[in-house]
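Residue numbers (the UniProt record's numbering), protein chains in the order written: chain E, 1 to 232; chain W, 1 to 336.
Note that the Cβ used here is the ideal one computed from N, Cα and C, for glycine as well.
Step one of this worksheet: look at the structure below.
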Amino acid sequence: MRITYSPLGDEAIVIEVGQEITKEATNLVRAITKLIEETTIDSVVEVIPAFTTVTVFYKVSAECQYEDMKNLLTKYIVGIKHVDLIQPRTIEIPVCYGGEHGPDLEYVASHNQLTVDEVIEIHSTGTYEVNMIGFAPGFPFISGMSEKIAAPRRATPRLRIPARSVGIAGMQTGVYPIETPGGWQLIGRTAMELFLPNEKIPSLLQAGDQIVFKPISKEEYDKWEGTTHATV
Amino acid sequence: MLQFDKDGLQTTVQDLGRRGFQKYGVIASGVMDPYAHRLANILVGNQETEPTIEITLLGSHKTFHADCLFALTGADLSPAIDGIPIKMWRPIFAKKGCKLSFGKPVTGCRTYLAVAGGIAVSEVMGSGSTYLRAGIGGFNGRSLKKGDVIPIGEASELIKGCMESLSKRANKSSFIQVDWTLMAQAIPIYKSEATVRVMDGRQEHLFDGKSRDAFLNQAFQISSDSDRMGYRLKGPELTLIEPKELISEAVSFGSIQVPPDGQPIILMADRQTTGGYPKIGQVATIDLPKVSQLKPGEYIRFEKISLEEAQQALIEERILIAKLTQSIALKLKECK
């Protein structure tokens, strides 16, 4: 895979591993991120991995400008041969589907000529993978949803989507960690916190995690609410 | 301690930003104008990383609950103590009970208030910056409002000595301003039409020639929808050669994104961590304060700068700030 480097302004460098979202690209992104984080480079401020890019923010100085940083990174990255990844974790996310927590579940069902139970069945039997975290704190971009339950975004976005809402937009599914405006079709709500501001790692999910959505009742939801225990 | 007696428009505690957590989707936040923030801190003998109070357009009124040394930099929002106009870009000693107020915005958009000892908020993820949307950091994760009492850290021995001698010199007055300030070239002048230097954005080549010309040759107006997250601009419509779906990637302070309506958005301190709109340009870090100090209704023009020049300018700014830090430290030691 051809790796290219380009500037993002005067304080960051974008390492691009491909033009399409493929398994190979996301794995390479993870491997490069891990490598940069494990290699202590003084000028590196932080790293933002995405689907096909790793962006490295660095501190500009007389000794460290764009070409210096690029040469340094190239030197490390050129050695990446085997993508040595941590064993993926599987995280179970308990979801209370429908009702007040999933006001658009019936719409998603009728849009796909399915029953509500079939939508829940399909959504909760899929195996999903977190491709990246971004946009909002702890917000996972997840792949793996069945197209049988795909549904378009709402024509008018809601001004407030409650935190931990589980939604569908096109072929994507995801969870909103904090309250935001948004246009996704809401099918349920998880009891688990995805944004953990007081933890060392403030995001429950990380790129590479496998996700299983587990249906729970309203009573179980009330009991679970606000917990952060992940079934690993 | 600093008590807030009146609400402002948007007054928050900020520092140089929350770093290292963007990979978890946590936005960087931080001051909109890092230059003014740094100088405010340096003028009162603080480290430039200490939190300051960022005041936007309409300042809140405050009462000092203890003697303190403070400085105001950035926008001129007609500051006064006990009704007497005060100067900016210099240390001011105020006795306990003094009231700091703001009036009409004259130039610029954001004022920085630094207090010797720093604004003593606890850090969340290594930073004192307020992240309003997630309700974390700064002072209880929100804007400051009437009734809030903000803790101030303890000043260094050097500053304590300085405050003692200023207190004597103030005599019966409730406050005293030092009679020196920064050299003229270190004090920015905020205009209602700013020319800001930009580098090519990562997707600049995807825009058609007409749009690329317009971007560099026409003025854009700052829309009233602009905030700490982004400055929305109104101007010529910028279009792609052909529509293209992009894969989301990291964005940064100063990235200029163009959504499908063709009106650019400059991403600012509270930007999201990643974005999928094409980036036509990228504001040079050195010129970000010029953008931050523009008010809705004012104008911005872009001109090209090379990456090498932009980085050189940053290195020169660090040298200037280091020099200023040294000479201010000397002045504070002599305290006159």
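Contact with chain W by residue i, beta-carbon distance below 7 Å
{"i": "D10 of chain E", "result": "yes"}
{"i": "F213 of chain E", "result": "no"}
{"i": "V232 of chain E", "result": "Low confidence applies to V232 of chain E: its pLDDT is 34, below 50, so where it sits in the model is not reliable enough to give any reading."}
{"i": "Q172 of chain E", "result": "no"}
{"i": "G134 of chain E", "result": "yes"}
{"i": "E38 of chain E", "result": "no"}
{"i": "R80 of chain E", "result": "Residue identity check: residue 80 of chain E is Ile in the sequence provided, not Arg. No - not a single Cβ of chain W is within 7 Å of the one on I80 of chain E."}
{"i": "I149 of chain E", "result": "no"}
{"i": "G182 of chain E", "result": "no"}
{"i": "P162 of chain E", "result": "no"}
{"i": "E24 of chain E", "result": "no"}
{"i": "V175 of chain E", "result": "no"}
{"i": "E46 of chain E", "result": "yes"}
{"i": "V60 of chain E", "result": "yes"}
Residue i beta carbon near the ligand PLP (any heavy atom closer than 6 Å)
{"i": "Q210 of chain E", "result": "Because no ligand of any kind appears in the structure shown, any question about the ligand PLP cannot be addressed here."}
Extent of the continuous alpha helix (DSSP H) to which residue i belongs
{"i": "D68 of chain E", "result": "Y66 to I77"}
{"i": "P289 of chain W", "result": "L288 to S292"}
{"i": "Y221 of chain E", "result": "K218 to W224"}
Proximal residues to residue i (C-beta, below 8 Å), its chain only, five neighbours per side dropped
{"i": "E164 of chain W", "result": "none"}
Span of the beta strand (DSSP E), counted from its first residue to its last, around residue i
{"i": "I211 of chain E", "result": "Q210 to P215"}
{"i": "E48 of chain W", "result": "That residue, E48 of chain W, is in no beta strand (DSSP E); it is neither H nor E in DSSP."}
{"i": "I122 of chain E", "result": "That residue, I122 of chain E, is in no beta strand (DSSP E); its alpha helix (DSSP H) goes V116 to T125."}
{"i": "S110 of chain E", "result": "Careful: S110 of chain E lies outside any beta strand (DSSP E), inside the alpha helix (DSSP H) at L105 to H111."}
{"i": "I256 of chain W", "result": "S255 to Q257"}
{"i": "N131 of chain E", "result": "Y128 to I133"}
{"i": "K62 of chain W", "result": "K62 to F64"}
{"i": "E193 of chain W", "result": "E193 to D200"}
{"i": "G74 of chain W", "result": "C68 to D76"}
{"i": "T52 of chain E", "result": "From DSSP, T52 of chain E is part of no beta strand (DSSP E); its letter is neither H nor E."}
One or two residues paired with residue i in a DSSP bridge
{"i": "K234 of chain W", "result": "W:Q221"}
{"i": "L267 of chain W", "result": "W:G230"}
{"i": "S211 of chain W", "result": "Its beta-bridge partners do not exist; DSSP assigns none."}
{"i": "V124 of chain W", "result": "W:S127"}
{"i": "E54 of chain W", "result": "W:T12 and W:Y112"}
DSSP state of residue i mapped onto helix, strand, coil
{"i": "T33 of chain E", "result": "helix"}
{"i": "T325 of chain W", "result": "helix"}
{"i": "Y277 of chain W", "result": "coil"}
{"i": "T39 of chain E", "result": "coil"}
{"i": "C162 of chain W", "result": "helix"}
{"i": "P34 of chain W", "result": "helix"}
{"i": "F139 of chain E", "result": "coil"}
{"i": "Y24 of chain W", "result": "helix"}
{"i": "E24 of chain E", "result": "helix"}
{"i": "I91 of chain E", "result": "strand"}
{"i": "T11 of chain W", "result": "strand"}
{"i": "R133 of chain W", "result": "coil"}
{"i": "A94 of chain W", "result": "strand"}
{"i": "Q172 of chain E", "result": "strand"}
{"i": "Q272 of chain W", "result": "coil"}
{"i": "S61 of chain E", "result": "coil"}
{"i": "T239 of chain W", "result": "coil"}
{"i": "E46 of chain E", "result": "strand"}
Beta-carbon contacts of residue i that lie in its chain and below 6 Å, excluding the five residues immediately before and after
{"i": "A169 of chain E", "result": "R153 and W184"}
{"i": "L332 of chain W", "result": "G45 and C162"}
{"i": "F21 of chain W", "result": "M125"}
{"i": "V14 of chain E", "result": "S6, L8, T53 and T55"}
{"i": "S43 of chain E", "result": "Y58, K59 and C64"}
{"i": "P289 of chain W", "result": "D33 and Y35"}
{"i": "V115 of chain W", "result": "C68, F70 and I152"}
Any C-beta of chain E under 7 Å from that of residue i
{"i": "R197 of chain W", "result": "no"}
{"i": "E123 of chain W", "result": "no"}
{"i": "V26 of chain W", "result": "yes"}
{"i": "Q22 of chain W", "result": "yes"}
{"i": "E303 of chain W", "result": "no"}
{"i": "R19 of chain W", "result": "yes"}
{"i": "Q311 of chain W", "result": "yes"}
{"i": "L314 of chain W", "result": "yes"}
{"i": "I247 of chain W", "result": "yes"}
{"i": "G281 of chain W", "result": "no"}
{"i": "residue 337 of chain W", "result": "The structure shown has nothing for residue 337 of chain W, since chain W only spans 1 to 336."}
{"i": "I136 of chain W", "result": "yes"}
{"i": "L288 of chain W", "result": "no"}
{"i": "S252 of chain W", "result": "yes"}
Same chain, Cβ closer than 7 Å to residue i, five either side skipped, listed in chain order
{"i": "residue 344 of chain W", "result": "In the structure as shown, chain W begins at 1 and stops at 336. Residue 344 of chain W is therefore absent and cannot be evaluated."}
{"i": "R160 of chain E", "result": "E179 and P181"}
{"i": "E37 of chain E", "result": "V47"}
The segment 46 to 62 of chain W: positions lying closer than 9 Å to chain A by Cβ
As a matter of chain content, chain A is missing from the structure shown, whose protein chains are E and W.
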